[in-house]
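What follows is a single structure, written as structure tokens, with notes after it.
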Amino acid sequence: MVDNNLLFQYLLRLGDDQQILSQRLSEWCGHAPTLEEDLALANIALDLLGQARSLYTYAGEVEGAGRDEDQLAFLRYENEYTNALIVERPNGDFAHTITRQLFYSVYMDLHWNALLSSKDETVRAIAAKAVKEVDYHVRHAAEWVIRLGQGTEESHQRMVEALEEFAIYTGELFEMDDLAQQMFKAGVGVDLTLLRPEWEQQIAAVLGEAGLRMPEVNWMQTGGRSGEHTEHLGHLLCELQYMQRAYPGMTW
Amino acid sequence: MSEKFTPLWEVFIRARNGLAHKHAGSIHAADAEMALQAARDVYTRRGEGQSLWVVRSDQIVASDPSDKDMMFEPTASKIYRHPTFYEIPEEVGNM
Chain A
603 MVDNNLLFQY
613 LLRLGDDQQI
623 LSQRLSEWCG
633 HAPTLEEDLA
643 LANIALDLLG
653 QARSLYTYAG
663 EVEGAGRDED
673 QLAFLRYENE
683 YTNALIVERP
693 NGDFAHTITR
703 QLFYSVYMDL
713 HWNALLSSKD
723 ETVRAIAAKA
733 VKEVDYHVRH
743 AAEWVIRLGQ
753 GTEESHQRMV
763 EALEEFAIYT
773 GELFEMDDLA
783 QQMFKAGVGV
793 DLTLLRPEWE
803 QQIAAVLGEA
813 GLRMPEVNWM
823 QTGGRSGEHT
833 EHLGHLLCEL
843 QYMQRAYPGM
853 TW
Chain B
3 MSEKFTPLWE
13 VFIRARNGLA
23 HKHAGSIHAA
33 DAEMALQAAR
43 DVYTRRGEGQ
53 SLWVVRSDQI
63 VASDPSDKDM
73 MFEPTASKIY
83 RHPTFYEIPE
93 EVGNM
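Given below as structure tokens:
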């Protein structure tokens, strides 16, 4: 039997990753380099928002305290979000955003695929839907990385800088803290360390084709899973939560 | 982005099996693969399609608008080319 409080925390964590990245990607709406990419990034943001909604809704049911998806999405404080730091980092330029998309999408593709054999039926169902969406996110990011890497001197240089910036945030994605361990033991979650070799291989393959390399990193940034965030999350939440804070309970 | 790096592509979508691909619009993209992705992202967001074609706009051979009279006008008086003069037996139903 799975401890409901642990399952709740676990679902929130998974939901937070999708919601925060969704919010970040939405910032490109109306600002992307081309109309085509404007829509592509908004589409991806909406996929992630859909996944977050399913996870929050289920988390609310598991918690059993009457909180729904909106309350979990909009009415928690900064230190109650347990997303990985990589998703809250600012968008930077297009190369930065695409680099984060590659790192994160390949990770989530492996993660969702592993969750297809979760013992939790709802998690399995959410994973089955998400896998198809994230397959495309991987393809979208990978094709861009290859073209930016092999594009102009400037696009190549910007990719090098973006890889430097985000590499230190990739370690956290595979951390197995107490909650992750417990959920793995319960058969609900995944042993994330097992995903890492495949992740490294896939990233190396794309970067190789792009004429780029993963920078050497001696230490990894961490903290998101325990609610310790960069200075950027608070600002993101201000925008995200404004309407619900200013007009409590408002609906469309 | 400039035309030089991202030429124009025409997008065709097939809505269902058995139907023909229909022109949906155009997009800019650097190459064929990116064009296909852009077409998917711009034109199939609401379940419009099962299959996509993209083709470089400059590869399309188009009729000259000034040839309109010669090309299309003469057909206006050929009503016998429309299959409207046959009596269809009741049993056949809708054709």
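Taken in sequence, the protein lines are chains A and B. Under the numbering used here, the very last position in the first sequence is 854; numbers go up by exactly one each time. Under the numbering used here, the very last position in the second sequence is 97; numbers go up by exactly one each time. All C-beta atoms in this analysis are idealised placements derived from N, C-alpha and C, irrespective of residue type, glycine included. These numbers come from a predicted model, not from an experiment.
Review point. Name the DSSP beta bridge partners of B:Leu-10, please?
Key: For B:Leu-10, the pairing in a beta bridge is given by DSSP as B:His-30.
Check your understanding: Over what stretch of residues does the beta strand (DSSP E) that includes B:Leu-54 continue unbroken?
Key -> Per DSSP, the unbroken beta strand (DSSP E) holding B:Leu-54 starts and ends at 53–58.
Exercise for review: Give a yes or no on whether the C-beta atoms belonging to A:Ile-688 and A:Leu-775 are separated by under 8 Å.
Suggested key: Going by C-beta atoms, A:Ile-688 is nearer than 8 Å to A:Leu-775.
Check your understanding: Excluding the five sequence neighbours on either side, which residues of its own chain have a C-beta within less than 6 Å of the C-beta of B:Met-3, listed in chain order?
Key -> Reliability of the predicted coordinates at B:Met-3 is poor, the pLDDT of 48 falling under 50, and the value obtained from them is presented with this limitation in mind. Nothing meets the Cβ criterion.
Review point. At what residue ranges does the stretch 710–790 of chain A contain a whole run of the alpha helix (DSSP H), taking only runs of 4 or more?
Key: Within the stretch 710–790 of chain A, the alpha helix (DSSP H) runs of at least 4 residues that lie entirely inside it are, in chain order, 723–751, 755–769, 780–787.
Exercise for review: Quick one: give me the first and last residue of the alpha helix (DSSP H) that A:Trp-821 is part of.
Suggested key: Note, A:Trp-821: premise wrong, no alpha helix (DSSP H); not H, not E.
Point to revise | Contact with chain B by A:Leu-641, beta-carbon distance below 8 Å | key: Closer than 8 Å to some Cβ of chain B, the Cβ of A:Leu-641 qualifies, so yes.
Check your understanding: Do A:Ala-686 and A:Arg-827 come within 8 Å of each other at the CB atom, strictly closer than that value?
Key -> Less than 8 Å divides the Cβ of A:Arg-827 from the Cβ of A:Ala-686.
Review point. A:Glu-745 CB to nearest chain B CB: under 8 Å?
Key: At least one C-beta of chain B is nearer than 8 Å to the C-beta of A:Glu-745.
Practice item. Ignore the nearest five residues each way along the sequence and tell me which others in A:His-758's own chain have a CB closer than 8 Å to its CB. Key: Hits under 8 Å: Leu-750, Gly-751, Gln-752, Gly-813, Leu-814.
Practice item. Can you check DSSP and say which residues form a bridge with B:Lys-24? Key: Per DSSP, B:Ile-15.
Exercise for review: Using a Cβ cut-off of 8 Å (strictly closer), state whether A:Glu-663 contacts chain B.
Suggested key: Contacts with chain B at 8 Å (Cβ-Cβ) do not include A:Glu-663.
Exercise for review: Anything in the stretch 627–655 of chain A with a Cβ closer than 7 Å to a Cβ of chain B? List those residues in chain order, please.
Suggested key: Taken in chain order, the members of the stretch 627–655 of chain A whose beta-carbon sits within less than 7 Å of a beta-carbon on chain B are Pro-635, Thr-636, Glu-638, Leu-641, Ala-642, Asn-645.
Exercise for review: Go through the stretch 642–701 of chain A residue by residue and report every complete run of the alpha helix (DSSP H) that reaches 4 residues or more, in order.
Suggested key: Counting only unbroken stretches of 4 or more residues, the alpha helix (DSSP H) elements lying wholly within the stretch 642–701 of chain A are 671–676, 687–690, in sequence order.
Check your understanding: Any beta-carbon of chain A closer than 8 Å to the one on B:Ala-138?
Key -> The displayed coordinates of chain B run from 3 to 97. Any statement about residue 138 of chain B would go beyond what the structure contains.
**Study point:** Residue burial classification, B:Gly-27 (beta-carbon count within 10 angstroms, cutoff 16)
**Key:** With fewer than 16 Cβ atoms within 10 Å of its Cβ, B:Gly-27 is classed as exposed.
Review point. Using 8 Å as the threshold, is the stretch 38–47 of chain B in touch with the stretch 782–793 of chain A, meaning 3 or more CB pairs across them?
Key: Taking a cut-off of 8 Å for Cβ pairs, the stretch 38–47 of chain B and the stretch 782–793 of chain A do not touch, as fewer than three such pairs fall below it.
Check your understanding: Using the beta-carbon of each residue, which ones in chain A are nearer than 7 Å to B:Val-44?
Key -> Within chain A, the residues near B:Val-44 are Glu-638, Leu-641.
Practice item. Consider the Cβ of B:Ser-53: report whether some Cβ of chain A lies at a distance smaller than 8 Å. Key: Closer than 8 Å to the CB of B:Ser-53 there is not a single CB belonging to chain A.
Review point. Below 8 Å between beta carbons: does that hold for A:Gln-620 and A:Leu-650?
Key: Against a cut-off of 8 Å, the Cβ pair of A:Leu-650 and A:Gln-620 comes out as a contact.
Point to revise | Host alpha helix (DSSP H) of A:Ser-628 (start-end) | key: Per DSSP, A:Ser-628 belongs to the alpha helix (DSSP H) from 606–628.
Practice item. Buried or exposed for B:Gln-61, please, with buried defined as at least 16 other CB atoms from any protein chain shown within 10 angstroms of its CB. Key: It counts as exposed.
Review point. Taking Cβ-Cβ distances shorter than 9 Å, what residues in chain A pair up with B:His-30?
Key: Around B:His-30, the beta-carbon contacts reaching into chain A at under 9 Å are Thr-636, Leu-637, Glu-638.
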